[in-house]
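I have placed the structure first, in the form of structure tokens, so that the comments after it can refer back to it.
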Amino acid sequence: LNVHSQHTDNVGYGLRNFYSWMVDDWLHDTPYTVSISNVQMPDGNTVTIEYPVEIDYEEF
7 LNVHSQHTDN
17 VGYGLRNFYS
27 WMVDDWLHDT
37 PYTVSISNVQ
47 MPDGNTVTIE
57 YPVEIDYEEF
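Count along the sequence shown starting at 1, add 6, and that's the number in the numbering used here.
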């Protein structure tokens, strides 16, 4: 899937270290895995974070 319009906000108020993006051509009721690589942790190590996402059409 094509990811675009990435936005980060790690200063000021609101959610700290917030990262958002838009995705083209995604489908309702379809499970996806989000994978964000090269995330720097407080100890200096870098990790990959993965988590499942599914947009439920009835709850949309």
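Backbone N, C-alpha and C define an ideal beta-carbon position, used for all residues, glycine too.
Span of the beta strand (DSSP E) around residue i
i          : result
residue 47 : No beta strand (DSSP E) holds residue 47; DSSP gives it neither H nor E.
residue 32 : Segment: none, residue 32 is in no beta strand (DSSP E) and carries neither H nor E.
residue 54 : 52 to 59
From the options, residue whose alpha carbon lies closest to that of residue i
i          : options           : result
residue 65 : 56, 48, 57 and 35 : 35
residue 22 : 48, 37 and 14     : 14
Assigned secondary structure, residue i (DSSP; H/G/I helix, E/B strand, else coil)
i          : result
residue 65 : helix
residue 14 : strand
8 Å contact criterion, which residue i and residue j should meet: CB distance rounded
i          : j          : result
residue 51 : residue 31 : 34 Å between Cβ atoms; not a contact.
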